[in-house]
Structure formats: structure tokens, C-alpha cells
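Numbering (the numbering used here), first residue to last: 214 to 502. Presented below is the structure to which this report refers.
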């Protein structure tokens with residue numbers, strides 16, 4: 214009797230072991246979902262909950278229309294720093310040209326955009342004509358002060374040749390303005406139909422500084438002028454106004470005397486300003502400016 218009970222117990226234990234093994238094999242052979250089957254596999258470790266818009270905000274590329282400048286937020290892009298370094302190493306300033314009659318107002322209120330001049334009721338003697346202002350309106354740049362990289366900007370010479378500016382004054386602007394104020398940049402005349410207007414990151418690759426800063430006196434033929442013109446008309450656009458704190462130097466025509474008090478940080482010099490802005494060879498090509 215005891216022998217039979219032992220056999221029954223052994224058979225029961227054997228059945229239990231067999232059933233357990235079959236269950237384990239079934240679990241092992243069951244296919245598991247993978248990322249290749251359309252379901253994302255979780256990363257190992259603890260995952261934090263995130264705002265689904267967070268990555269979009271961080272990775273968003275800033276792009277502006279011509280009428281809206283990028284906003285200075287305290288952080289300056291590497292491209293802006295590189296551009297600032299080039300300007301400082303080449304000439305050390307940016308350039309605005311105006312009529313002598315406007316200097317007194319500029320020292321009081323800064324250099325204002327066309328739009329800000331209208332809002333303030335100021336009527337300066339402009340060196341830009343109705344056509345130029347109309348084109349600026351179409352491009353959305355009437356609320357910007359236009360700056361050139363240096364005296365070789367070809368439009369200056371054209372204005373002098375056409376007697377559209379009588380007593381030009383050169384106002385040299387501290388280039389740090391591109392870090393501290395809202396600015397846009399162009400690869401050619403901002404009014405041109407095909408000009409690129411944007412942030413330093415958007416426009417920098419289009420700027421050829423060897424051509425922009427090619428010495429004006431070396432351009433002695435019509436062909437050379439035509440070649441360099443589009444590069445030299447690249448502009449810096451400063452939104453609304455340039456405060457007087459950014460004015461580093463004012464170059465007045467030798468034929469004029471300025472008696473108004475000038476802030477001590479502004480250097481004042483006198484020179485033949487027409488000659489500084491004019492090209493040296495025949496002006497028969499002036500219509501091409």
C-alpha cells in the first residue's frame with residue numbers, strides 16, 4: 214500500500230513539473246512588439262514628463278519679414294559676433310550720410326527713420342527721393358535707418374553727381390549697435406526687388422566682404438564699378454532710430470562751421486566730404502547707380 218502511494222505522488226510531481234515547463238516555453242516564444250512594427254520602444258531609465266511644445270520652441274528657427282526686426286534678448290549669435298569683428302577690423306564703424314542742415318536735429322533726437330520723422334513732425338532735408346521712399350515702402354523698410362559699410366557705397370557718389378546732396382555730412386556709427394539694437398541686414402540695396410533682408414544668420418553667407426571693402430580708389434573703370442556695385446550696396450537697417458550714444462564721429466564739410474554744443478563722446482572733424490564719397494573716374498556711368 215505504501216508503495217502505491219509513493220508511485221502516485223511521484224506521478225503527480227512529474228505532471229506539475231511538465232506543466233510548468235510548457236508554460237515557460239509558451240511565454241518565451243511569444244513575439245514581442247518592436248519599434249520596427251510601428252510602436253516606439255521606451256528608453257531605459259526614468260522618463261520625465263515634458264511639455265510637448267518644449268522641443269518645438271527650442272528648435273524653432275527665427276525668420277523675420279523685412280518689416281519686423283529680430284528682437285535683442287541678451288544673447289547674441291556667433292554670426293553677429295563674427296560680423297561685428299569684421300566691421301571693427303576693416304573700418305571700425307558703419308556709415309550714415311545726411312545733409313549738413315540735419316545735424317542739429319540729429320544731435321538732439323538721434324538719427325530717425327522716415328516713419329519716425331513723420332510721426333515726430335520733423336521735416337529734414339532728405340537725400341532720398343520719392344522713388345526711393347516708395348520702394349522702401351514696398352519692401353517694408355520705412356521704419357529703419359539705413360547704414361552703409363563705408364564711403365564706397367555707390368549711391369553716395371550718385372547723389373553728389375546729380376546734385377541731390379549739397380553739403381554731405383558723414384556720421385560714423387559705433388558697430389556695437391548691431392548687438393544692442395534691433396537690426397536687419399541686406400546683401401544689396403534694400404530697395405532692390407531681389408535683395409535678401411534678414412538676420413545676420415540669414416544674410417551673412419551672402420556678404421562678400423572683400424568686395425564690400427574693396428578700396429574705392431582702386432575702382433577706376435565702368436566695368437569694375439559694375440562688378441563691385443551690388444556688393445557695396447549691402448546695408449545695415451536699424452529699427453526706428455539710432456540714439457546719439459552710438460555716434461562716434463561726425464565729419465563736416467570744410468565749407469561749413471557748426472557752433473552748437475556737441476556731446477563730448479562724439480569726435481568732430483572737417484574734410485572735403487564730397488571728395489570722400491565720390492568715385493575718381495568719368496561720371497558718364499552715373500545713371501547706373
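The beta carbon of each residue, even a glycine, is placed where N, CA and C say it ideally should be. These figures come from a predicted structure and were not determined experimentally.
Figure out for me which residue from 491, 378, 361, 303 has the closest Cα to the Cα of residue 430.
-> Reading the chain shown from its first residue, position 217 is the one you call residue 430. Ranked by Cα distance from residue 430, the first of 491, 378, 361, 303 is 491.
Continuous beta strand (DSSP E) stretch holding residue 381: start and end = Position 168 of the chain shown holds residue 381. Annotation for residue 381: the continuous beta strand (DSSP E) segment containing it runs 381-386.
Report the option in 295, 362, 398 whose CA atom is closest to the CA atom of residue 451.
-> Your numbering for residue 451 matches position 238 in the chain shown. By alpha-carbon distance to residue 451, the top candidate from 295, 362, 398 is 398.
Select from 296, 362, 357 the residue whose C-alpha is nearest the C-alpha of residue 392.
-> Position 179 of the chain shown, counting from 1, holds the residue named residue 392. The residue among 296, 362, 357 with its C-alpha nearest the C-alpha of residue 392 is 296.
Is residue 462 near residue 306, with beta carbons less than 9 Å apart?
-> Residue 462 sits at position 249 when you count from the first residue of the chain shown. Residue 306 sits at position 93 when you count from the first residue of the chain shown. Against a cut-off of 9 Å, the Cβ pair of residue 306 and residue 462 comes out as a contact.
Can you give the Cα-Cα distance for residue 473 and residue 370, rounded to whole angstroms?
-> By 1-based counting over the chain shown, the position of residue 473 is 260. By 1-based counting over the chain shown, the position of residue 370 is 157. If you take the alpha carbons of residue 473 and residue 370, they lie about 28 Å apart.
Are the Cβ atoms of residue 400 and residue 375 separated by less than 9 Å?
-> The count along the chain shown starts at 1 and reaches residue 400 at position 187. The count along the chain shown starts at 1 and reaches residue 375 at position 162. No, the Cβ-Cβ distance between residue 400 and residue 375 is not below 9 Å.
With DSSP collapsed to three states, give me the class of residue 482.
-> The sequence position of residue 482 within the chain shown is 269, counting from 1. In this structure, residue 482 counts as strand in the three-state DSSP scheme.
Using DSSP bridges, identify the partner residues of residue 464.
-> Residue mapping note: residue 464 aligns to position 251 of the chain shown, counting from 1. 383, 482, per the DSSP bridge assignment.
How big is the Cα-Cα spacing for residue 315 and residue 388?
-> Your numbering for residue 315 matches position 102 in the chain shown. Your numbering for residue 388 matches position 175 in the chain shown. Cα-Cα distance, rounded: 22 Å.
Sequence-distant residues of its chain with Cβ nearer than 7 Å to residue 301 (five each side left out) | Along the chain shown, read from residue 1 onward, the residue named residue 301 stands at position 88. Cβ within range, chain order: 388.
What's the gap between the Cα of residue 459 and the Cα of residue 382?
-> Counting from 1 along the chain shown, the entry for residue 459 is found at position 246. Counting from 1 along the chain shown, the entry for residue 382 is found at position 169. If I take the Cα positions, the gap works out to 16 Å.
Unbroken alpha helix (DSSP H) run spanning residue 373, endpoints | Stepping through the chain shown from its first residue, residue 373 is reached at position 160. Counting along the chain, the alpha helix (DSSP H) containing residue 373 begins and ends at 367-374.
Based on the DSSP output, what are the partners of residue 398 in its beta bridges?
-> One-based indexing of the chain shown puts residue 398 at position 185. For residue 398, which the question treats as bridged, DSSP gives the partners 411, 449.
Are residue 454 and residue 322 close, meaning C-beta to C-beta below 9 Å?
-> Sequence index remark: in the chain shown, residue 454 carries index 241 (1-based). Sequence index remark: in the chain shown, residue 322 carries index 109 (1-based). Yes.
Cβ-based neighbour list, residue 303, same chain, cut-off 6 Å, excluding 5 preceding and 5 following = Within the chain shown, numbered from 1, the residue matching residue 303 stands at position 90. For residue 303, where only same-chain residues beyond five positions count, the Cβ hits under 6 Å are 426.
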